[in-house]
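Once you know that position 140 of the sequence shown is 559 in our numbering, the rest is easy, because the numbers rise by one and skip nothing.
Virtual Cβ for every residue (Gly too), placed ideally from N, Cα, C.
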Amino acid sequence: MSLLDIHVLGSPVLRKETELVPKITDEIRRLADDMLETMYAAKGIGLAAPQVGRLERIAVIDVETGPFAIVNPELVTLEGKVKGEEGCLSIPEIYGDVERAARVVVRAMGLDGKSFELEATELLGRCLQHEIDHLHGRLFLDHLGAFRRKTAMQKWEKRRKEYPTYLRKVTPAEIADHKEDAL
Ligand code: ZN
Numbered sequence: 420m421s422l423l424d425i426h427v428l429g430s431p432v433l434r435k436e437t438e439l440v441p442k443i444t445d446e447i448r449r450l451a452d453d454m455l456e457t458m459y460a461a462k463g464i465g466l467a468a469p470q471v472g473r474l475e476r477i478a479v480i481d482v483e484t485g486p487f488a489i490v491n492p493e494l495v496t497l498e499g500k501v502k503g504e505e506g507c508l509s510i511p512e513i514y515g516d517v518e519r520a521a522r523v524v525v526r527a528m529g530l531d532g533k534s535f536e537l538e539a540t541e542l543l544g545r546c547l548q549h550e551i552d553h554l555h556g557r558l559f560l561d562h563l564g565a566f567r568r569k570t571a572m573q574k575w576e577k578r579r580k581e582y583p584t585y586l587r588k589v590t591p592a593e594i595a596d597h598k599e600d601a602l
């Protein structure tokens, strides 16, 4: 396994549409492993392929449920509304309240090549919606109102200088079980 660089806001790949994964190959499994390792090192709970510069439609998640991957995920049910704070490994240190569906059902393919459905609420439900957004070039900032978005962008303007090439180098985590809620 190896750690991948995380693309930060401003890198064009974050705005691209991803491509369906036709089948699970060793390369896809390796990508998922590397993404998980990178996610843990960055103390995240979710990571989508565009965040590591890849356009396969795949994301990895571990919201205290154990790690799993969603390949070609689709939101088949969205119910209710709930607001909650979100951050993103691609927009470090910036947070905002985002309205999401309160309950979702996601259909996806697992790394075993079998399709499955997952019902989720609360943090897992939010994480799934955030990662699926990434797979279609959307970021949590897009869900903020004009004023909050502007404030977040002003904060980001100060931080982006730390990432002149829009890449965030991740170093191995010493304590992998200490997680922040960044997706
Ligand atoms: Zn994110």
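Review point. Would you say residue 504 and residue 514 are within 8 Å of each other, going by their C-beta atoms?
Key: Counting from 1 along the sequence shown, the entry for residue 504 is found at position 85. Counting from 1 along the sequence shown, the entry for residue 514 is found at position 95. For residue 504 and residue 514, yes; Cβs fall inside 8 Å.
Practice item. Compare the Cα-Cα distances from residue 464 to each of 444, 538, 521, 548 and report the closest residue. Key: Position 45 of the sequence shown, counted from the start, is the residue given in the question as residue 464. For the residues 444, 538, 521, 548, the minimum Cα distance to residue 464 belongs to 548.
Point to revise | For residue 552 and residue 508, the rounded distance between their alpha carbons | key: Sequence index remark: in the sequence shown, residue 508 carries index 89 (1-based). Sequence index remark: in the sequence shown, residue 552 carries index 133 (1-based). Cα-Cα distance, rounded: 14 Å.
Point to revise | By C-beta, the residues closer than 6 Å to any heavy atom of ligand 1, given in chain order | key: 507, 508, 509, 549, 553, 602
Review point. Unbroken alpha helix (DSSP H) runs of length 4 or more, entirely within the stretch 474–560: which are they?
Key: 541–553
Review point. Residue 510 to residue 469, Cα distance in whole Å?
Key: Residue 510 sits at position 91 when you count from the first residue of the sequence shown. Residue 469 sits at position 50 when you count from the first residue of the sequence shown. Straight-line Cα distance between these residues: approximately 13 Å.
Practice item. With DSSP as the reference, please indicate the residues paired to residue 429 in a beta bridge. Key: Position 10 of the sequence shown, counted from the first residue, corresponds to residue 429. None; residue 429 has no bridge partner.
Review point. Beta carbon of residue 586, beta carbon of residue 426: below 8 Å?
Key: On the sequence shown, position 167 is the one that residue 586 refers to. On the sequence shown, position 7 is the one that residue 426 refers to. A contact, by the Cβ cut-off of 8 Å.
Exercise for review: Closer than 8 Å by C-beta to residue 422: which residues in its own chain qualify, once you throw out the five before and the five after it? Chain order, please.
Suggested key: Against the sequence shown, residue 422 aligns to sequence position 3. If we look at residue 422 and ignore the five residues flanking it on each side, its Cβ neighbours are 453, 456, 457, 460, 589, 590, 591.
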